[in-house]
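Report on one structure; see the data block that follows.
Protein chains: 2
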Amino acid sequence: MIHQIPAGTRDVLPDEMRELRAIEERLRSTFADAGYGEVWTPTVEYEQVLAAGGGEAGAAAFRMFDDQGKVLALRSDMTVPIARVAATRFAGADGPLRLCYSAHAHRVVGQRTGQQREFLQSGIELIGVPGTEGEAEVLGIAVDALAAAGLARHRVGVGDGGLYRRLLAALEVPAQRHRELLDCLTRRDLVALELAVDELGLAADARDLLVELPQRRGGPEVLDRGAGPAGEALDRLRDLYGDLERRGIAERVILDLGLVRDLGYYTGAVFELYDPAVGFALGGGGRYDELIGRFGAPRPACGIALDVQRVHIAQTAEEQQS
Amino acid sequence: MIHQIPAGTRDVLPDEMRELRAIEERLRSTFADAGYGEVWTPTVEYEQVLAAGGGEAGAAAFRMFDDQGKVLALRSDMTVPIARVAATRFAGADGPLRLCYSAHAHRVVGQRTGQQREFLQSGIELIGVPGTEGEAEVLGIAVDALAAAGLARHRVGVGDGGLYRRLLAALEVPAQRHRELLDCLTRRDLVALELAVDELGLAADARDLLVELPQRRGGPEVLDRGAGPAGEALDRLRDLYGDLERRGIAERVILDLGLVRDLGYYTGAVFELYDPAVGFALGGGGRYDELIGRFGAPRPACGIALDVQRVHIAQTAEEQQS
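Keeping their order, the protein sequence lines are chains A and B.
Heads up: the first sequence at position 118 corresponds to 118 in this note's numbering, and the numbers run straight through without jumps.
Counting from 1 along the second sequence, just add 322 to a position and that's the residue number in this note's numbering.
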């Protein structure tokens, strides 16, 4: 008789479960108070629907056949299913749509990495509000939600998910090299990035921009230096930073020009959430203006997701350090 | 581009989701107040673990391979995973173990039956309390939980899941005919049952007992008539009824000698929950004294599960009728 559970999954016992439910409940109340209505989507969907997310979002951890031989999969996030819901059940809706969720998802993890394959995400999706106004609302709510969950020292990383890709195109780096360079950046391996850029044999100023720009990380001063063909992206980040200052959360923001989220659907601003008490991101998100259109009803949108278990670990770590 | 979702699954939009969460929260509070601690188990488990439940509980709606070729499946209830947790994580625990859950499960449904393949269950498992004392505690909490969820007219069906099987054995009905007769009873098809019993060519009193006993349904008077070899089961039901009277919930009880739950692990008392406002069971459960032992650490146990969506439909129906 097997007693084990699959790698990357776990049993949660009552003491921990009580605390996870309390965090989940506080996140949900914060979202509800901000006007976000919760939705639930099926645990299992057609793989073709989930693949609309592209990249990591399209790579299902578990796949199976239904009784008609169609491929089903467990969702790897809630953003793609909610894009489907927005394009089908709310196709005719005018005005912004504010949806939230709290649900388990599954991702592909390497063997023996100790990473969780199943995780509980709570998050929001703001549909129909373009530009920095939408992004600032989402970030403001994420900061409030983490405070409600008991964190005090959390930070927000803000970058542009398309910046480096546009830079590579503008500097005429051959398309077949993009994947390798973006992978270095996704892994935050700036040494490997520099080696890979050197192999391209570019002019010195182009080479320096590709190596140095993703290292810019900090306050608004990182937006002051020249960025060549990436100047437009920096202008948008400056606007977003202004919005975040007006919301009073600028002191929590870390501008990060090397931030690239590995989900395939981001088109502009990308976010990550951190806490100095722990060494991993608590969640992330960004703008995905083209995803809902892939289901037939184009609308601009952005969102953010929190990993409830990681938020719990950060909350415990903050308590122990204070 | 496919926009559909798999048959038997659904998207839940905010108005309904708010009400489902409210019900879930009230059930969870009732369980917590009664001393039950919530657990969470992986959405996906090894099929061999889930198969320990036998029968319906072992029949997974979705199966898949992991990267080592082992068969994984989506759970069809939470009782089998919690039996595994009780035998592994609480193997050395003394005294009763009180666990609860609120989680989605998946069952096999016929095509075009309109039945839900994915459903949200909230329930309790009481481990280490044998006999009618354990059963009465579980039923008392289920009645309280439904009242907390807004129901007023709910009822509890109580039978013995092994009664008919023992009757067939005692009356020396050939073993190869048992499945057919039990299937008639599970479907509540008493006409088909009578035809099948007639084919057995038994003596008149044995034939009459097999046809008439499962029709006995009502108050404590159904326990008064003779039951031949099933007399011992009726004695136990009489004890349980006495316990339920002392708890003040006897007026909600319907004794039902034809009640057979189709899960493979029940060994004694079985329960179903009803509301006169709707035509389907809101949940069910029973005693499963042998299941935890299949994971290596035998303990008596019983439990009950509520289908949150069905409780919601019943609550709405009660409101409309009042």
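Backbone N, C-alpha and C define an ideal beta-carbon position, used for all residues, glycine too.
In this text the structure is predicted, and so the values were computed from the model without any measurement.
A:Q121 has A:A103 and A:D307 as its beta-bridge partners, per DSSP.
By DSSP's assignment, B:D520 forms no beta bridge with any residue. Rounded to the nearest whole angstrom, the C-alpha separation of A:E24 and A:A51 is 28 Å. Taking CB atoms only, B:Q631 has no neighbour in chain A less than 8 Å away.
Inclusion of B:A627 and B:G606 in the CB contact set at 8 Å is warranted, their separation being smaller than that value.
Apart from the 5 residues on each side of it in sequence, A:V129 sits with its Cβ closer than 6 Å to the Cβ of P96 in its chain, given in chain order.
When DSSP states are grouped into helix, strand and coil, B:D389 belongs to the coil group. Contact annotation for B:D416 against chain A: no contact, minimum CB-CB distance about 16 Å [criterion: below 8 Å].
For B:P336, a Cβ of chain A is located within less than 8 Å of the residue's own Cβ. DSSP, reduced to helix, strand and coil, places B:E641 within a helical segment of the structure shown. By the Cβ-count criterion, A:E137 is buried, with 16 or more other Cβ atoms from all chains shown falling within 10 Å of its own Cβ. The Cβ of B:Q326 sits closer than 8 Å to at least one Cβ of chain A. Legend: CB atoms of the stretch 508–538 of chain B lying less than 8 Å from CB atoms of chain A are not found in any residue. Ranked by Cα distance from A:A169, the first of A:L27, A:P229, A:D307 and A:Y265 is A:P229. Contact annotation, A:I124 with A:G303: C-beta distance approximately 6 Å; criterion of less than 8 Å satisfied.
When DSSP states are grouped into helix, strand and coil, B:V533 belongs to the helix group.
Nearest to A:L240 by alpha-carbon distance, out of A:A227, A:A91 and A:L255, is A:L255. Cβ-Cβ separation between B:G580 and B:R539: approximately 7 Å, consistent with a contact (criterion under 8 Å). Within chain B, the residues H325 have their CB atoms less than 7 Å from the CB of A:T88, given in chain order. Using a Cβ-Cβ cut-off of 8 Å, A:Y46 counts as an interface residue toward chain B, since at least one Cβ of chain B sits closer than that to its own. For B:L342, the CB contacts under 8 Å within the same chain, skipping 5 residues up- and downstream, are V334, L442, V630, Q631 and H634 in chain order.
When secondary structure is reduced to three states using DSSP, A:F31 falls in the helix class.
With 16 or more neighbouring CB atoms inside 10 Å of its own CB, B:V407 falls in the buried class. B:D597 counts as buried, since no fewer than 16 other beta carbons sit within 10 angstroms of its beta carbon.
Within 9 Å of the CB of B:G359, the CB atoms of chain A belong to L13, P14, D15, M17 and R18, in sequence order along the chain. Boundaries around A:I254 are those of the beta strand (DSSP E), V253 to D256, since no alpha helix (DSSP H) includes it.
Put simply, the stretch 520–534 of chain B does not touch the stretch 463–478 of chain B. Fewer than three CB pairs are less than 8 Å apart. With 16 or more other Cβ atoms from the protein chains shown falling within 10 Å of its own Cβ, A:D77 counts as buried.
Here the alpha carbons of B:G472 and B:E641 stand approximately 9 Å from one another.
Counting every other CB atom within 10 Å of its CB across the protein chains shown gives A:G110 a total below 16, marking it as exposed. With a beta-carbon spacing of about 5 Å, B:E360 and A:M17 fall inside the 8 Å limit used to define contacts. Note that the C-beta distance between A:A301 and A:L126 is below 8 Å. One alpha carbon belongs to B:R568, the other to A:R155, and they sit about 57 Å apart. In this structure, the CA atom of B:A549 is about 56 Å from the CA atom of A:R107. Taking 8 Å as the threshold, the shortest C-beta distance from B:D388 to chain A falls below it. Comparing alpha carbon positions, the residue from A:R187, A:V211 and A:W40 closest to A:E194 is A:V211.
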